[in-house]
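J.: Questions regarding the structure given below will be posed in turn.
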Amino acid sequence: MPASLAPGVIRREIWAWAMFDFANSGYTTVVITAVFNAYFVAVVAKGEAWGTLAWTSAIALSNALIILTAPLVGAYADAFACKKRLLLFSTVGCVAFTSGLALAGPGELGVAILFIVLSNFCFGSGENLIAAFLPELARADALGKVSGWGWGFGYIGGLVSLGACLAFVSWAQAQGQTAAQFVPVCMLITAALFAVASVPTFLFLRERSQPQPGRGDMPIPQAVLARFAQTLREADRYRDLLRFLACTVCYQAGISAVITLAAIYANQVMGFSTQDTLLLIFVVNITASIGAVLFGWLQDRLGHRATLALTLLGWLGMVGLVWVARGPGLFWLAANLAGLCMGASQSAGRAIVGLLAPPTRLAEFFGLWGLAGKLAAILGPMTYGLTSWLSGGDHRLAMLITGSYFVVGLLILAGVDLERGRQVAVSRTESLGK
Numbered sequence: 159m160p161a162s163l164a165p166g167v168i169r170r171e172i173w174a175w176a177m178f179d180f181a182n183s184g185y186t187t188v189v190i191t192a193v194f195n196a197y198f199v200a201v202v203a204k205g206e207a208w209g210t211l212a213w214t215s216a217i218a219l220s221n222a223l224i225i226l227t228a229p230l231v232g233a234y235a236d237a238f239a240c241k242k243r244l245l246l247f248s249t250v251g252c253v254a255f256t257s258g259l260a261l262a263g264p265g266e267l268g269v270a271i272l273f274i275v276l277s278n279f280c281f282g283s284g285e286n287l288i289a290a291f292l293p294e295l296a297r298a299d300a301l302g303k304v305s306g307w308g309w310g311f312g313y314i315g316g317l318v319s320l321g322a323c324l325a326f327v328s329w330a331q332a333q334g335q336t337a338a339q340f341v342p343v344c345m346l347i348t349a350a351l352f353a354v355a356s357v358p359t360f361l362f363l364r365e366r367s368q369p370q371p372g373r374g375d376m377p378i379p380q381a382v383l384a385r386f387a388q389t390l391r392e393a394d395r396y397r398d399l400l401r402f403l404a405c406t407v408c409y410q411a412g413i414s415a416v417i418t419l420a421a422i423y424a425n426q427v428m429g430f431s432t433q434d435t436l437l438l439i440f441v442v443n444i445t446a447s448i449g450a451v452l453f454g455w456l457q458d459r460l461g462h463r464a465t466l467a468l469t470l471l472g473w474l475g476m477v478g479l480v481w482v483a484r485g486p487g488l489f490w491l492a493a494n495l496a497g498l499c500m501g502a503s504q505s506a507g508r509a510i511v512g513l514l515a516p517p518t519r520l521a522e523f524f525g526l527w528g529l530a531g532k533l534a535a536i537l538g539p540m541t542y543g544l545t546s547w548l549s550g551g552d553h554r555l556a557m558l559i560t561g562s563y564f565v566v567g568l569l570i571l572a573g574v575d576l577e578r579g580r581q582v583a584v585s586r587t588e589s590l591g592k
């Protein structure tokens, strides 16, 4: 590990950084992927045909808020060297609003939508900020490996949260409790684990960035807007990064649909119970952890672009398996292939942005990466939700159409030159005064 770290970075700090992946993975695993999404459709929406579309619309709204704010939050974090402080605010918000989901009972659609929008907004904002620390912690030729460590460790955190919820659900069902009784408790468990596991991040992770000169005489909003406007004026210099962000929108749209609707598909198409679905997601998190670490190591040797292309081909294979699956065996195989590719593609994307981002604009450029990811998180699930609704609930057709996003992502990725993009990032000695 030490040979992969930037000068002055110690292993405890890498562990503290990875602990945030460990902490926040419980939110995506339990709330977005395995428990609350299916609960929202079956219990909050009372199984109505519009339930899936209502869920995807709520997710889309929260992601739209991130799209509007992510680049500006990143520009502010870079200008005033406050990534860690903003990360703390987003963490407190996500923990509080996840706890609020416990108030969403049968038919309480407004409460559920309010807290899912707010919690997912805080989660996505924190995800961008923690990613912006990566280039400060790892050497340029080890970004994939270190990113993979973080994602791999993060999926273990998802396993811990999911395992705790699975144990509670098993006990609750044995006592005769219904989903309306045990799912709210799962939300409280998830929030508590997020809060506790994120503590090392705020104790040991250092804020290495320095306030950028040149805007001290401006009000903060004006300074942030001026910095972001400069980035827009210079966008043509970063054409490889922009192409990769377009690629990210496409392949992440497919991934977001799978993550957001996995439990719904398992429940509505494959007939899985809540306990069956939790067990499936539990195993898939193990596969995803392996994929993140394995492919993180591989991409520093095989190359970032080739590794990402390989994982996108894997996603296409997964879509094909899900489409033809009629029994649990093939569906389990498809789900674990998705887990392997999910860990790999998420890790690779973060490492590539770290490679292409200028050192003085890490939070801002990771904010743009977050913008691309959240735009994808609107397109993918909404495509799936609309297809399901318009086809009268044909989830197989919706999954097949979702696969087209991976094809377009592969085509765009072929035009990205990472070496050229890295040279541009390194050569830029920008300051806010220019």
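Each residue of the sequence shown is one higher than the last, beginning at 159 in the working numbering.
Here a beta-carbon is modelled for each residue, glycine too, at the ideal position from N, C-alpha and C.
Can you check whether the CB of G282 is closer than 8 Å to the CB of D458?
T.: Taking the first residue of the sequence shown as 1, we reach residue 458 at position 300. Taking the first residue of the sequence shown as 1, we reach residue 282 at position 124. No, Cβ-Cβ distance for D458 and G282 is not below 8 Å.
J.: Starting from C344, trace the alpha helix (DSSP H) in both directions and tell me its first and last residue.
T.: Taking the sequence shown and counting its residues from 1, one reaches residue 344 at position 186. Per DSSP, C344 belongs to the alpha helix (DSSP H) from 337-355.
J.: Taking 7 Å as the limit between beta carbons, can you name the residues of its chain near G263, skipping five residues before and five after?
T.: As a first step, residue 263 must be located in the sequence shown, where it is residue number 105. In its chain, beyond the 5 residues on either side, A338 have a beta carbon closer than 7 Å to the beta carbon of G263.
J.: Just to confirm, is the Cβ distance from N494 to T187 under 8 Å?
T.: For the purposes of this step, residue 494 is taken as the residue at position 336 of the sequence shown. For the purposes of this step, residue 187 is taken as the residue at position 29 of the sequence shown. The answer is no: Cβ separation not under 8 Å.
J.: For the alpha helix (DSSP H) holding Q433, just list the boundary residues, first then last.
T.: Residue mapping note: residue 433 aligns to position 275 of the sequence shown, counting from 1. Unbroken alpha helix (DSSP H) run through Q433: 432-460.
J.: According to DSSP, which residues form a beta bridge with L163?
T.: Sequence index remark: in the sequence shown, residue 163 carries index 5 (1-based). Paired residue(s): A296.
J.: Please report the distance separating the alpha-carbon of S414 from that of Y396.
T.: Residue mapping note: residue 414 aligns to position 256 of the sequence shown, counting from 1. Residue mapping note: residue 396 aligns to position 238 of the sequence shown, counting from 1. Using only the alpha carbons, I get a separation of about 26 Å.
J.: Please determine, among E206, S248, A161, W490, the residue with the shortest C-alpha to C-alpha distance to W547.
T.: Your numbering for residue 547 matches position 389 in the sequence shown. If we check each option's Cα against that of W547, E206 comes out closest.
J.: In three-state terms, what does DSSP make of D575?
T.: Numbered from 1 along the sequence shown, position 417 holds the residue referred to as residue 575. D575: coil per DSSP, three-state reduction.
J.: What residue from R578, L569, L513 has the CA that sits closest to D299's CA?
T.: In the sequence shown, counting from the first residue as 1, residue 299 sits at position 141. With distances taken between Cα atoms, D299 lies closest to L513.
J.: State the DSSP-derived secondary structure class of M177, mapped to helix, strand or coil.
T.: For the purposes of this step, residue 177 is taken as the residue at position 19 of the sequence shown. Looking at M177 - three-state DSSP - the assignment turns out to be helix.
J.: Kindly provide the ranges of any alpha helix (DSSP H) runs that are 4 or more residues long and lie completely inside the stretch 199-242, ordered along the chain.
T.: 209-238
J.: Residues in its own chain within less than 6 Å of A556 by CB, not counting five upstream and five downstream?
T.: Position 398 of the sequence shown holds residue 556. Correct list, in chain order: Y542, T545, S546.
J.: Just to confirm the assignment, what range does the alpha helix (DSSP H) spanning F311 have?
T.: Against the sequence shown, residue 311 aligns to sequence position 153. It spans 301-332 - the alpha helix (DSSP H) in which F311 sits, taken as one unbroken run.
J.: Assuming G184 contacts V354 under a Cβ cut-off of 8 Å, what Cβ separation, rounded to an integer in Å, is found between them?
T.: Translated into the one-based positions of the sequence shown, residue 184 becomes position 26. Translated into the one-based positions of the sequence shown, residue 354 becomes position 196. Not quite, the Cβ-Cβ distance comes to about 10 Å (not below 8 Å), so this is no contact.
J.: Ends of the alpha helix (DSSP H) at L287?
T.: Within the sequence shown, residue 287 is the residue found at index 129, counting from 1. Going by DSSP, L287 is part of the alpha helix (DSSP H) stretching over 267-289.
J.: Please state if the CB of T214 and the CB of T418 are separated by a distance shorter than 8 Å.
T.: Taking the sequence shown and counting its residues from 1, one reaches residue 418 at position 260. Taking the sequence shown and counting its residues from 1, one reaches residue 214 at position 56. Yes, these two residues count as a Cβ contact at 8 Å.
J.: Write down the C-beta distance between A521 and F453 rounded to the nearest angstrom, noting that I regard them as a contact closer than 8 Å.
T.: In the sequence shown, residue 521 corresponds to position 363, counting from 1. In the sequence shown, residue 453 corresponds to position 295, counting from 1. Their Cβ separation, rounded to whole angstroms, is 25 Å, which puts A521 and F453 out of contact at 8 Å.
J.: Can you tell me where the alpha helix (DSSP H) holding R397 begins and where it ends?
T.: Within the sequence shown, residue 397 is the residue found at index 239, counting from 1. R397 -> alpha helix (DSSP H) spans 397-426.
J.: On the premise that L568 lies in contact with A467, defined as a C-beta separation below 8 Å, what is that separation, rounded to the nearest angstrom?
T.: Taking the first residue of the sequence shown as 1, we reach residue 467 at position 309. Taking the first residue of the sequence shown as 1, we reach residue 568 at position 410. At roughly 6 Å, the Cβ-Cβ gap stays under 8 Å, so A467 and L568 are in contact.
J.: Does DSSP put I510 in a helix, a strand or coil?
T.: Working through the sequence shown from its first residue, we reach residue 510 at position 352. Helix at I510.
J.: So what does DSSP say about P539, is it helix, strand or coil?
T.: As a first step, residue 539 must be located in the sequence shown, where it is residue number 381. Helix.
J.: Take the Cβ of L226 as the centre, count every other Cβ of all protein chains shown within 10 Å, and call the residue buried at 16 or more, exposed below.
T.: On the sequence shown, position 68 is the one that residue 226 refers to. Answer is exposed; the Cβ neighbour count stays below 16.
J.: To which residues of the same chain is G398 closer than 8 Å at the C-beta, ignoring the five residues directly before and after it?
T.: For the purposes of this step, residue 398 is taken as the residue at position 240 of the sequence shown. At residue 398 the sequence reads Asp, which differs from the Gly that was named. Taken in chain order, the residues that qualify are L514, V574, D575, L576, R578, G579, V582.
J.: Please state if the CB of V199 and the CB of I536 are separated by a distance shorter than 8 Å.
T.: Within the sequence shown, the letter at position 378 stands for residue 536. Within the sequence shown, the letter at position 41 stands for residue 199. For I536 and V199, no; Cβs fall outside 8 Å.
J.: Helix, strand or coil for S367 per DSSP?
T.: As a position in the sequence shown, residue 367 is number 209, starting the count at 1. In the structure shown, S367 sits in coil (DSSP, three-state: anything other than H, G, I, E or B).
J.: In three-state terms, what does DSSP make of V584?
T.: Against the sequence shown, residue 584 aligns to sequence position 426. Reduced to three states, the DSSP call for V584 is helix.
J.: Do E365 and A233 count as a contact pair if the criterion is CB distance below 8 Å?
T.: Locating residue 233 in the sequence shown gives position 75, counting from the first residue. Locating residue 365 in the sequence shown gives position 207, counting from the first residue. Their beta carbons are not under 8 Å apart, which means A233 does not touch E365 by this criterion.
J.: Taking contact to mean at least 3 C-beta pairs separated by less than 8 Å, is the stretch 251-267 in contact with the stretch 279-293?
T.: Of all C-beta pairs linking the stretch 251-267 to the stretch 279-293, three or more are shorter than 8 Å, placing the two stretches in contact.
J.: Confirm, please, whether the CB-CB distance from V167 to W307 is below 8 Å.
T.: Locating residue 307 in the sequence shown gives position 149, where the first residue counts as 1. Locating residue 167 in the sequence shown gives position 9, where the first residue counts as 1. No, Cβ-Cβ distance for W307 and V167 is not below 8 Å.
J.: Starting from the Cα of F564, find the closest Cα among A161, M476, L526 and give me that residue.
T.: By 1-based counting over the sequence shown, the position of residue 564 is 406. The candidate whose alpha carbon is nearest that of F564 is M476.
J.: Indicate whether G501 and W309 have their beta-carbon atoms separated by less than 8 Å.
T.: Here residue 501 refers to the residue found at position 343 of the sequence shown. Here residue 309 refers to the residue found at position 151 of the sequence shown. Yes, these two residues count as a Cβ contact at 8 Å.
J.: Should T587 go down as buried or exposed, given a rule of 16 or more other Cβ atoms within 10 Å for buried?
T.: Mapped onto the sequence shown, residue 587 falls at position 429. Reliability fails at T587, whose pLDDT of 47 lies under 50, so the model's placement of it is uncertain and no value is given.
J.: Report yes if the C-beta distance between S356 and F247 is below 8 Å; otherwise report no.
T.: Here residue 356 corresponds to residue number 198 of the sequence shown, with the count starting at 1. Here residue 247 corresponds to residue number 89 of the sequence shown, with the count starting at 1. In this structure, S356 lies away from F247, with their beta-carbon atoms at least 8 Å apart.
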